[in-house]
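Here's the structure, in structure tokens; my notes come after.
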Amino acid sequence: NKPNVNAAQRAQMLRLLGLPRAWAGRSSYTLLDLDDEYGARFVTLWSQWRCDPRRCTRLHVVLVIENLASPGSLLEHYAKVLSVQECELAKQMIEQWPLNMPGLHRLEFEALGVTLTIAIGSVSVMLTRLNLAADAVLFAQTQLAEPPRERADEALGLGRLVKPDAVLLASGSARTWPAWFDASLLFHEQAVYRPEDGPFNLEHVLRARVSPRVFTDADRRASDFSTTVPRHLVVIGGGLAGLHVAQSLALRGWRVTVLNARIAQALQDGHLAAALTPVVSRQDDQYARLSRAGSLRAQARWSLMPREIVTPCGALQLQRLNGRIVDLKRIVDELKLPEQFVRFVDVAQASELAGMGLARGGLYFSTARRVRPVPLLAKLAQVEGITCLNAEAVRLERSGGQWRAIDATGRILIEAEQMVLAAGLATQQLLAASALLADGSRLASMYGLSGELTYVDQGLLGGGPRCIVSGDGYVLPAVLGQCVIGGSYLNGDLASPEAASLARQENLERGAQLLNIPLARSARTPSTLRGWGGERAVVPDRFPVVGPVLGAPGLWVATGFA
16 NKPNVNAAQR
26 AQMLRLLGLP
36 RAWAGRSSYT
46 LLDLDDEYGA
56 RFVTLWSQWR
66 CDPRRCTRLH
76 VVLVIENLAS
86 PGSLLEHYAK
96 VLSVQECELA
106 KQMIEQWPLN
116 MPGLHRLEFE
126 ALGVTLTIAI
136 GSVSVMLTRL
146 NLAADAVLFA
156 QTQLAEPPRE
166 RADEALGLGR
176 LVKPDAVLLA
186 SGSARTWPAW
196 FDASLLFHEQ
206 AVYRPEDGPF
216 NLEHVLRARV
226 SPRVFTDADR
236 RASDFSTTVP
246 RHLVVIGGGL
256 AGLHVAQSLA
266 LRGWRVTVLN
276 ARIAQALQDG
286 HLAAALTPVV
296 SRQDDQYARL
306 SRAGSLRAQA
316 RWSLMPREIV
326 TPCGALQLQR
336 LNGRIVDLKR
346 IVDELKLPEQ
356 FVRFVDVAQA
366 SELAGMGLAR
376 GGLYFSTARR
386 VRPVPLLAKL
396 AQVEGITCLN
406 AEAVRLERSG
416 GQWRAIDATG
426 RILIEAEQMV
436 LAAGLATQQL
446 LAASALLADG
456 SRLASMYGLS
466 GELTYVDQGL
476 LGGGPRCIVS
486 GDGYVLPAVL
496 GQCVIGGSYL
506 NGDLASPEAA
516 SLARQENLER
526 GAQLLNIPLA
536 RSARTPSTLR
546 GWGGERAVVP
556 DRFPVVGPVL
566 GAPGLWVATG
576 FA
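Per this note's numbering, the very first residue in the sequence shown carries number 16; after that it's consecutive.
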């Protein structure tokens, strides 16, 4: 019976990892698997975790796969190799199965007790980009073949991803670990096993342990992230960045107190709607990859949000008529991204998607969303485990291993071992007031970039588009009878009334051009234009600043999202 044979083979591999004893009573267990093309071993491991009363609190599996199988292929494969009980779990995984796009994809189960990170790309590339502390690694036999030079570098790179005493397994025909592999990782224990009786395809299973003398950055990072309870953390900043950081931590069991919440939310008052759309580039550069990963993660996080707050509507990025004109069709042809993510559409197709007679074709992102920031923030603030305090911290100090948030009167608002500053430009001000802003750092270079949105009655825009339409500016589908048109860029502080009025007028002109409609004279009167003004926290390279503050243990930042 082939399913039984496959199950026995997977069970033997898990026993050779030392499971379930290896995770018993632990807060977390992390497996890096380089040889599980269909995710079947992950499903078996998940099933074992569910049945074990002494299981770890969090199970995290990282799969590196060069190309992702389709959901249909998964179902066909699982019917052959998984038990009925495991197939039920596999269906949950398939519901979240990502599109076959390069980069990292996160799937979450069991209230984040089980997470699966899928890294799509070549092993040699992905091992340089991953950041984890693995308790065990599983290899394919081909990965142990005598290397070209880059394969040896691959093994060396593993040294920063595994914990000391990590278990390594490889299946295949070899009887010993390659000498170059052993030398790269310093084994202190090696063994070879025959598969259990049965018509296995494997001849041997190699097992080794990494020397405890190899104390890696990964192990140090793992010790920093203790998951002993109770865990309390303070987030300063209650806007889009701060409350999303708070949500992610609360879902992982942290108690999170958010400061400056009322200030951050007041800044969003009047902000009717925004767009969640990724970007693409011919080189698929870091900015494009980060944008893609961020938009996909947001969609997963917002999956249970009411549709009136987060509305799937799709987005068109129209071909430019002037300036730096890029051949959008050529970009998607060369990138070969799934059509479910982005595809090129001609004028007729674009017009049908928008419900308006557009003059240009372009790219269509079917997964794009229209987002209403104010009710979104209100929903995030209600997540279990989050407490919002309407107090303003103006500086920080450290005492006895605790960080203190202090208000303008010198009063200590709250103390915590860990704090995250996610307050936009105020993050820079807080660090400066606390003598923690390093000269020449990316945070020191952050600045404010103002912008204006224009609100127009949808009747003046032919009812407005059915999807987001962008190019030089953007127009959103109507909210409460109003179309949001953006977005301008104004250097310096929040715009003067005159500059704001001019920016709103320019937005309107751009929006009409995008939609290919004439504007009534009454719509052009500056005094009648309404809108909203905000300020972006921007670092010159346009990448966010996320991570620990050097020289300030327990203090983190998440800002500069522009």
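Positions of the beta carbon are idealized from the N, C-alpha and C atoms, including for glycine.
On a predicted model such as this, the values are computed, not experimentally measured, just so you know.
(request) Could you check the C-alpha separation between residue 468 and residue 443 for me, to the nearest Å? (result) The residue you call residue 468 lines up with position 453 of the sequence shown. The residue you call residue 443 lines up with position 428 of the sequence shown. Distance between residue 468 and residue 443, taken at the CA atoms: about 25 Å.
(message) Whole angstroms are fine: how far does the CA of residue 72 sit from the CA of residue 511?
(response) Position 496 of the sequence shown, counting from 1, holds the residue named residue 511. Position 57 of the sequence shown, counting from 1, holds the residue named residue 72. Each residue's alpha carbon lies about 53 Å from the other.
(message) Given this structure, state the Cα-to-Cα distance separating residue 360 from residue 376, to the nearest angstrom.
(response) Taking the first residue of the sequence shown as 1, we reach residue 360 at position 345. Taking the first residue of the sequence shown as 1, we reach residue 376 at position 361. Cα to Cα, residue 360 sits roughly 6 Å from residue 376.
(request) Enumerate, from N- to C-terminal direction, the unbroken beta strand (DSSP E) stretches of 3 or more residues contained entirely within the region 98-124. (result) 118-124
(message) Rounded to whole angstroms, what is the Cα-Cα separation between residue 175 and residue 422?
(response) Position 160 of the sequence shown holds residue 175. Position 407 of the sequence shown holds residue 422. The C-alpha of residue 175 lies about 41 Å from the C-alpha of residue 422.
(request) Out of 471, 98, 86, 336, point me to the one whose CA is closest to residue 111's CA. (result) Along the sequence shown, read from residue 1 onward, the residue named residue 111 stands at position 96. Nearest of 471, 98, 86, 336 to residue 111, Cα basis: 86.
(request) Please name the residue in 374, 356, 225, 355 whose C-alpha comes closest to that of residue 362. (result) By 1-based counting over the sequence shown, the position of residue 362 is 347. Minimum Cα distance to residue 362 is reached at 374.
(request) Could you spell out the range, first to last residue, of the beta strand (DSSP E) harbouring residue 351? (result) As a first step, residue 351 is located in the sequence shown; it is residue number 336 there, counting from the start. Taken as a continuous stretch (DSSP letters only), residue 351 belongs to no beta strand (DSSP E), as it is neither H nor E.
(message) Taking 7 Å as the threshold (C-beta atoms), are residue 557 and residue 577 in contact?
(response) Within the sequence shown, the letter at position 562 stands for residue 577. Within the sequence shown, the letter at position 542 stands for residue 557. Contact: yes.
(message) residue 254 and residue 578 - do their beta-carbons sit closer together than 7 Å?
(response) The structure shown does not extend to residue 578, since the chain is modelled only from 16 through 577, so no value can be given for it.
(message) One question on the structure: do residue 134 and residue 76 come within less than 7 Å of each other, judged by their Cβ atoms?
(response) Within the sequence shown, the letter at position 119 stands for residue 134. Within the sequence shown, the letter at position 61 stands for residue 76. No, the pair does not count as a contact, with Cβ atoms beyond the cut-off.
(request) Starting from residue 283, trace the alpha helix (DSSP H) both ways and give me its first and last residue. (result) As a first step, residue 283 must be located in the sequence shown, where it is residue number 268. Element bounds for residue 283: 276-283.
(message) According to DSSP, is residue 417 part of a helix, a strand, or is it coil?
(response) Taking the sequence shown and counting its residues from 1, one reaches residue 417 at position 402. Strand at residue 417.
(request) Measure the C-alpha to C-alpha separation of residue 235 and residue 501 and round it to an integer number of angstroms. (result) Against the sequence shown, residue 235 aligns to sequence position 220. Against the sequence shown, residue 501 aligns to sequence position 486. Because the pLDDT at residue 235 is just 49, under 50, the model does not fix this residue reliably, and the value given afterwards should be weighed accordingly. Approximately 45 Å between the Cα atoms of the pair.
(request) Kindly list the residues whose CB is nearer than 7 Å to the CB of residue 448, restricted to its own chain and excluding five residues on each side of it in sequence; keep chain order. (result) Here residue 448 corresponds to residue number 433 of the sequence shown, with the count starting at 1. Here the set comprises 409, 410.
(request) Rounded to whole angstroms, what's the CA-CA distance from residue 113 to residue 160? Just pull it up for me. (result) Stepping through the sequence shown from its first residue, residue 113 is reached at position 98. Stepping through the sequence shown from its first residue, residue 160 is reached at position 145. Near 30 Å, if we compare the C-alpha coordinates of residue 160 and residue 113.
(message) Please report the distance separating the alpha-carbon of residue 378 from that of residue 150.
(response) For the purposes of this step, residue 378 is taken as the residue at position 363 of the sequence shown. For the purposes of this step, residue 150 is taken as the residue at position 135 of the sequence shown. Between residue 378 and residue 150, the C-alpha separation is close to 43 Å.
(request) Could you say which of 306, 552, 219, 416 lies nearest to residue 290 if we only look at CA atoms? (result) Start at 1 with the first residue of the sequence shown, and residue 290 comes out as number 275. Nearest option by C-alpha distance: 306.
(request) Tell me the start and end of each unbroken beta strand (DSSP E) in the region 148-209 that is at least 3 residues and wholly inside, in chain order. (result) Every unbroken stretch of the beta strand (DSSP E) spanning 3 or more residues and falling wholly within the region 148-209 is given here in chain order: 149-155, 177-187, 202-208.
(request) Assess, as a yes-or-no matter, whether the region 216-226 is touched by the region 181-193 under the definition of 3 or more beta carbon pairs within less than 8 Å. (result) Enough Cβ pairs lie closer than 8 Å, so yes.
(request) In angstroms with no decimal places, state the Cα-to-Cα distance between residue 47 and residue 572. (result) As a position in the sequence shown, residue 47 is number 32, starting the count at 1. As a position in the sequence shown, residue 572 is number 557, starting the count at 1. Going by the C-alpha atoms only, they are around 28 Å apart.
(message) Checking 7 Å against the spacing of the C-beta atoms, do residue 437 and residue 252 come in under that value?
(response) Reading the sequence shown from its first residue, position 422 is the one you call residue 437. Reading the sequence shown from its first residue, position 237 is the one you call residue 252. Their beta carbons are under 7 Å apart, which means residue 437 touches residue 252 by this criterion.
(message) Could you compute how far the alpha carbon of residue 262 sits from the alpha carbon of residue 95?
(response) Looking up residue 262 in the sequence shown gives position 247. Looking up residue 95 in the sequence shown gives position 80. Rounded to the nearest whole angstrom, the C-alpha separation of residue 262 and residue 95 is 39 Å.
(message) Rounded to whole angstroms, what is the Cα-Cα separation between residue 292 and residue 181?
(response) Indexing the sequence shown from 1 puts residue 292 at position 277. Indexing the sequence shown from 1 puts residue 181 at position 166. Taking the straight line from one Cα to the other gives about 40 Å.
(message) Could you check whether the region 515-533 touches the region 467-485, counting it as contact only if at least three pairs of C-beta atoms, one from each stretch, sit closer than 8 Å?
(response) yes
(message) Could you check if residue 453 belongs to the surroundings of the ligand PLP, using beta carbon to heavy atom distance under 6 Å?
(response) Ligands in the displayed structure: none, and consequently the ligand PLP is not present.
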